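In the numbering used here, the protein residues as written are 1 to 159.
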């Protein structure tokens, strides 16, 4: 049984790390390239609104991975909790991963998609700007909580 749990733990850590890496890559590499297409394609090819539509589709695809990760975190950390292998830091990080992961894919993204469907003018509104900023902060909290879970579980696995 220990062998299978050890393999499950390794798969879990790989999933957490892959999700963190995908999120960081989307924010650090994909977003700056997407929102500066004039550097690569010349000016006037894509509007800022069109760049935003492309970037949103990247985050929609990322939300699928985030959803899988949220389910895995709930199952794995729930199992560890039931086995009395608990610590406060892991519990808090688990809460934040689940809460912010669900908010990312099921609160912020649908709102952003709805506003984009309303047209380019809506994406210049205070409501859109506020929602977009909130989603950025939410994803940063998600990423930090993921990092904490990775570190805590690595510490426990290496004992």
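Don't be surprised by glycine CBs; every beta carbon is placed ideally from N, CA and C.
From a predicted model like this one, the values you see are computed outputs, not experimental measurements.
- DSSP, reduced to helix, strand and coil, places residue 149 within a helical segment of the structure shown.
- Under the three-state reduction of DSSP output, residue 1 falls in the coil class, being neither helix nor strand.
- The beta carbon of residue 62 sits closer than 7 Å to the beta carbons of 22, 23 and 26 from its chain, once the five residues preceding and following it are set aside; these are given in chain order.
- If you check the CB distance, residue 93 and residue 148 come in under 7 Å.
- Per the C-alpha coordinates, the member of 96, 55, 20 and 115 positioned closest to residue 30 is 55.
- Going by beta carbons, residue 66 and residue 101 fall inside the 7 Å limit.
- Nearest C-alpha to residue 16 among 128, 68 and 37: 68.
- Close CB contacts of residue 35 within its chain, under the 6 Å cut and outside five residues either way in sequence, are with 51 (chain order).
- If you draw a straight line from the Cα of residue 12 to the Cα of residue 73, it comes to about 8 Å.
- Counting only residues of its own chain and dropping the five nearest sequence neighbours on each side, residue 98 has a CB closer than 8 Å to the CB of 70, 73 and 74.
- DSSP, read as helix, strand or coil, puts residue 123 in helix.
- Looking at the backbone, the Cα of residue 6 and that of residue 141 are separated by about 28 Å.
- Taking the Cα positions, residue 78 is about 10 Å away from residue 85.
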